[in-house]
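Chemist:
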Amino acid sequence: MKIETVTCKGVSECNEDAVIINDNISVYGVADGACDSFLDDFAKINMQLQTKMKEYSIDTSKKEQLWGTALALVKISPNRIDFIQTGDCMIFAVYDSGFVRVLTRAQTEFLEGVAINKWKELIDKGIHKQKDLREGVEDVLISIRQRSNTFAGYGVLNGENDAVDY
261 MKIETVTCKG
271 VSECNEDAVI
281 INDNISVYGV
291 ADGACDSFLD
301 DFAKINMQLQ
311 TKMKEYSIDT
321 SKKEQLWGTA
331 LALVKISPNR
341 IDFIQTGDCM
351 IFAVYDSGFV
361 RVLTRAQTEF
371 LEGVAINKWK
381 ELIDKGIHKQ
391 KDLREGVEDV
401 LISIRQRSNT
411 FAGYGVLNGE
421 NDAVDY
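Quick note, the sequence shown lines up with residues 261 to 426 if you use our numbering.
#1: Between which two residues does the beta strand (DSSP E) carrying ILE341 extend?
#2: Is DSSP giving PHE302 helix, strand or coil here?
#3: Exposed or buried, which one is TYR355 when buried takes at least 16 other CB atoms within 10 Å?
#4: For THR346 and GLY415, which I take to be in contact (beta-carbon distance under 8 Å), what is that distance rounded to the nearest angstrom?
#5: Measure the C-alpha to C-alpha separation of TRP327 and ASN421 and round it to an integer number of angstroms.
#6: Buried or exposed for VAL334, going by 16 or more other Cβ atoms inside 10 Å?
#7: Going by the CB atoms, is the gap between ALA366 and ASP348 shorter than 8 Å?
#8: Any idea if LYS312 is buried or exposed, counting beta-carbon neighbours within 10 angstroms, 16 or more meaning buried?
#9: Taking a contact to mean a Cβ-Cβ separation below 8 Å, would you say GLY289 touches ALA332 in this structure?
#10: Would VAL397 and LYS378 be called neighbours here (beta carbons separated by less than 8 Å)?
#11: Do you know how far the Cα of ASN306 is from the Cα of ILE285?
#12: Looking at ILE402: is its Cβ nearer than 8 Å to the Cβ of GLU315?
#13: Does DSSP put LYS322 in a helix, a strand or coil?
#14: Compare the Cα-Cα distances from ARG340 to each of ARG407, TYR426, VAL287 and SER321 and report the closest residue.
#15: Check each candidate in GLU381, PHE352 and TYR426 and name the one with the smallest Cα separation from THR368.
#16: Do you know whose CA, among ALA303, VAL279 and PHE411, lies nearest PHE370's CA?
#17: How long is the line joining the alpha carbons of ILE281 and GLN308, rounded to whole angstroms?
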């Protein structure tokens, strides 16, 4: 079996993508910004993130201040494949024939359109500096963050107890 990984750097100067490869236990993944019990490991990592944010005095009652990461992990066993996915990370299976099957969906896709449309409106009004564009969509981005780990939003590993449900 051939394992390939791909990450695409966004427009930000900082790229916090991390590729996870552990051939010894057949676990592969990417964290954007964990094994028998995959979900338990996921929950432990989430709680460690919550603890670390409290150490740094992050106000965890404000979703827009939470640290977070989208995550896609795959564990390959002889008779099955288990995976966990959150946010905009995607998992694809590529068959020997070249056929590509999408195994997950970008949970943020329907929310990102609002921010992208506002970004385009600002550009049409003559705003072109990244800093000014970012400030112009900040309210939309905060409203999107408010939907993290809710049925109306998307899953993200951000220390919230509900993260393991999404």
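Cβ atoms here follow ideal geometry from the backbone N, Cα and C, with glycine treated the same way. Keep in mind that this is a model prediction, so the values were computed, not measured.
Modeler: A quick look at the data gives this:
#1: Your numbering for residue 341 matches position 81 in the sequence shown. Run containing ILE341: 341 to 345, per the beta strand (DSSP E) assignment.
#2: If you number the sequence shown from 1, residue 302 lands on position 42. Helix, per DSSP.
#3: Residue mapping note: residue 355 aligns to position 95 of the sequence shown, counting from 1. TYR355 is exposed by the Cβ-count criterion.
#4: Counting from one through the sequence shown, the residue named residue 346 turns up at place 86. Counting from one through the sequence shown, the residue named residue 415 turns up at place 155. Yes, THR346 and GLY415 are in contact; Cβ-Cβ is about 4 Å, under 8 Å.
#5: Locating residue 327 in the sequence shown gives position 67, where the first residue counts as 1. Locating residue 421 in the sequence shown gives position 161, where the first residue counts as 1. The straight-line gap from Cα to Cα measures roughly 14 Å.
#6: Working through the sequence shown from its first residue, we reach residue 334 at position 74. When all chains shown are included, VAL334 counts as buried.
#7: For the purposes of this step, residue 348 is identified with residue 88 of the sequence shown, where counting begins at 1. For the purposes of this step, residue 366 is identified with residue 106 of the sequence shown, where counting begins at 1. Cβ atoms of ASP348 and ALA366: closer than 8 Å.
#8: Position 52 of the sequence shown, counted from the first residue, corresponds to residue 312. By the neighbour-count rule (16 or more Cβ atoms within 10 Å), LYS312 is not buried but exposed.
#9: Translated into the one-based positions of the sequence shown, residue 289 becomes position 29. Translated into the one-based positions of the sequence shown, residue 332 becomes position 72. Going by C-beta atoms, GLY289 is nearer than 8 Å to ALA332.
#10: The residue given as residue 397 occupies position 137 in the sequence shown. The residue given as residue 378 occupies position 118 in the sequence shown. For VAL397 and LYS378, yes; Cβs fall inside 8 Å.
#11: Taking the sequence shown and counting its residues from 1, the one referred to as residue 285 is at position 25. Taking the sequence shown and counting its residues from 1, the one referred to as residue 306 is at position 46. Approximately 21 Å between the Cα atoms of the pair.
#12: Locating residue 402 in the sequence shown gives position 142, where the first residue counts as 1. Locating residue 315 in the sequence shown gives position 55, where the first residue counts as 1. Not a contact, by the Cβ cut-off of 8 Å.
#13: Against the sequence shown, residue 322 aligns to sequence position 62. Coil, per DSSP.
#14: As a working note, residue 340 is residue 80 in the sequence shown. Residue VAL287 is the option with its Cα nearest to ARG340.
#15: As a first step, residue 368 is located in the sequence shown; it is residue number 108 there, counting from the start. The shortest Cα separation from THR368 among GLU381, PHE352 and TYR426 belongs to TYR426.
#16: Sequence index remark: in the sequence shown, residue 370 carries index 110 (1-based). Per the Cα distances, PHE411.
#17: Walking along the sequence shown from the start, residue 281 turns up at place 21. Walking along the sequence shown from the start, residue 308 turns up at place 48. Taking the straight line from one Cα to the other gives about 21 Å.
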